[in-house]
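Asker: Read top to bottom, the protein sequences are chains F and V.
Each residue of the first sequence is one higher than the last, beginning at 1 in this note's numbering.
Each residue of the second sequence is one higher than the last, beginning at 140 in this note's numbering.
Protein chains: 2
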Amino acid sequence: MNIGQVAKETGLNAKTIRYYEQIHLLQPAKRAANGYRDYSEQDLETLRFLQRARNAGFNIEECRQLLNLHQDKTRQSQHVKALVLEKAEHVATQIKELKIMHRHLLQLASLCQADEEPNCAILEELSEQHDTQEDKRHA
Amino acid sequence: MNIGQVAKETGLNAKTIRYYEQIHLLQPAKRAANGYRDYSEQDLETLRFLQRARNAGFNIEECRQLLNLHQDKTRQSQHVKALVLEKAEHVATQIKELKIMHRHLLQLASLCQADEEPNCAILEELSEQHDTQEDKRHA
DNA sequence: CTTGACCTTACAGTGACTGGAAGGTTTATG
DNA sequence: CATAAACCTTCCAGTCACTGTAAGGTCAAG
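Written as structure tokens, this is what we have:
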């Protein structure tokens with residue numbers, strides 16, 4: 001199967017698939033007589049695995065680990081779970097930080113008259129040292 | 140004031156300050172006789188403004204706009220507010236996506252026995268096509 | 001025979017820095 | 001006065017996960 005077809009089937013960009021090969025996340029694909037990459041059903045499954053793992057928020061290094069565990073017949077499932085839970089915690093932290101940022105932005109916006117005058121409390125807030133709610137929360 | 144001192148006072152890395160100059164986010168700093176960058180109190184304020192804006196989640200391009208508005212005496216405050224609200228919405232979207240990812244990860248983790256056996260429902264989940272809650276939500 | 005849709009490689013660019021090399025300057029100490 | 005450390009300078013490369021572009025080879029249809 002040519003790379004374009006594989007791209008369609010997996011939802012990955014053809015460029016992305018070549019890139020995964022380049023960084024050795026994937027074994028080099030077999031080549032047809034004309035030099036085109038030729039993918040097997042097995043390759044397709046690996047690619048789909050990667051697509052889902054990336055989609056679930058794992059970065060390339062984590063995908064590499066997951067793929068190794070996936071292909072390791074002597075793996076222990078607790079290792080897989082540990083990886084997933086660690087990732088979940090990381091995502092939770094990111095959510096918290098973004099929520100703080102979101103509150104901060106809404107608070108900034110609420111300060112502004114939003115008219116045709118140049119006076120803007122947002123810019124003042126960014127210019128000066130203030131004890132905002134956020135600052136207090138972080139202190 | 141030397142760049143190292145400025146870095147300490149603003150919380151920005153000295154490298155970052157040079158980088159901001161390089162991409163013309165900042166005017167080139169005055170130079171002392173020895174060639175060292177020499178910062179004024181005014182420069183410090185601009186840097187602090189940038190530090191807070193970056194910290195609030197604005198990217199470099201947005202910081203550039205904010206800085207322009209900051210220095211534009213004929214600005215209209217509604218333009219500033221529009222920028223902030225747009226950013227807030229973007230952040231809200233990011234939070235939603237991360238929450239979906241978080242639920243997905245916890246669901247994955249809950250499937251796994253977490254023992255010394257190789258059987259792992261997480262890897263199965265990533266290997267196969269499933270109608271997960273998320274898939275339904277997106278459909 | 002040509003057009004267009006594929007495929008190939010290789011290199012550059014993204015964003016926002018960070019690290020490192022190679023060298024000049026300043027300050028503190030023996 | 002020598003030297004070491006802690007600064008400063010520029011320039012180039014690397015990060016992450018791709019994406020874009022150029023320059024070219026291949027294939028199927030009309």
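Beta carbons are placed, not taken as given, at the ideal position from N, Cα and C, and that holds for glycine.
(1) Going by DSSP in three states, F/Asp38 sits in which element: helix, strand or coil?
(2) Do F/Thr10 and F/Gln71 have their C-beta atoms within less than 8 Å of each other?
(3) By how many angstroms is the C-alpha of F/Glu125 removed from the C-alpha of V/Arg193?
(4) Using beta carbons (cut-off 8 Å, strictly below), is F/Lys136 in contact with chain V?
(5) Under a three-way DSSP split, which group does F/Arg75 fall into?
(6) Please check the pair F/Gln76 and V/Glu256, which I expect to be a contact at CB under 8 Å, by giving their CB distance rounded to whole angstroms.
(7) Going by C-alpha to C-alpha distance, which of F/Asp115, F/Asn34, F/Leu83 sits closest to F/Gly57?
(8) Just to confirm before moving on: does the CB-CB distance between F/Leu105 and V/Val219 stay below 8 Å?
(9) Taking C-beta pairs closer than 7 Å, name the residues in chain F that V/Val145 reaches, listed in chain order.
(10) With 8 Å set as the bound, which would you pick, yes or no: does the beta-carbon of V/Ile261 sit closer than that to a beta-carbon of chain F?
(11) Could you run through the segment 101-118 of chain F and flag, in chain order, every residue whose CB is less than 7 Å away from some CB of chain V?
(12) Confirm, please, whether the CB-CB distance from F/Leu44 to F/Glu12 is below 8 Å.
(13) Closer than 8 Å, Cβ to any Cβ of chain V: which residues of the segment 45-74 of chain F, in chain order?
Answerer: Let's see:
(1) Residue state, collapsed to three classes: strand.
(2) It is not a contact, given that the beta carbons lie outside the stated cut-off.
(3) Those two C-alpha atoms are separated by around 13 Å.
(4) Only weak support exists for where F/Lys136 lies, its pLDDT of 35 falling under 50; the value from the coordinates is given anyway. It does not; no Cβ of chain V falls within 8 Å.
(5) Residue state, collapsed to three classes: coil.
(6) Right, the Cβ-Cβ distance comes to about 7 Å (below 8 Å), so this counts as a contact.
(7) Of the listed residues, the one whose Cα sits closest to F/Gly57 is F/Leu83.
(8) No.
(9) Simply none; closest approach about 16 Å.
(10) Interface with chain F (8 Å Cβ-Cβ cutoff): V/Ile261 is included.
(11) Within the segment 101-118 of chain F, the residues whose Cβ lies closer than 7 Å to some Cβ of chain V are Met101, His102, His104, Leu105, Leu106, Leu108, Ala109, Cys112, Gln113, Ala114, Asp115, Glu116, Glu117, Pro118, listed in chain order.
(12) Note that residue 12 of chain F is Leu in the sequence shown, not Glu. F/Leu12 is not a Cβ neighbour of F/Leu44, given a cutoff of 8 Å.
(13) Close to chain V, meaning a Cβ-Cβ distance shorter than 8 Å, are the following residues of the segment 45-74 of chain F: Glu45, Arg48, Phe49, Arg52, Ala53, Ala56, Gly57, Leu66, Leu69, His70, Asp72, Lys73, Thr74.
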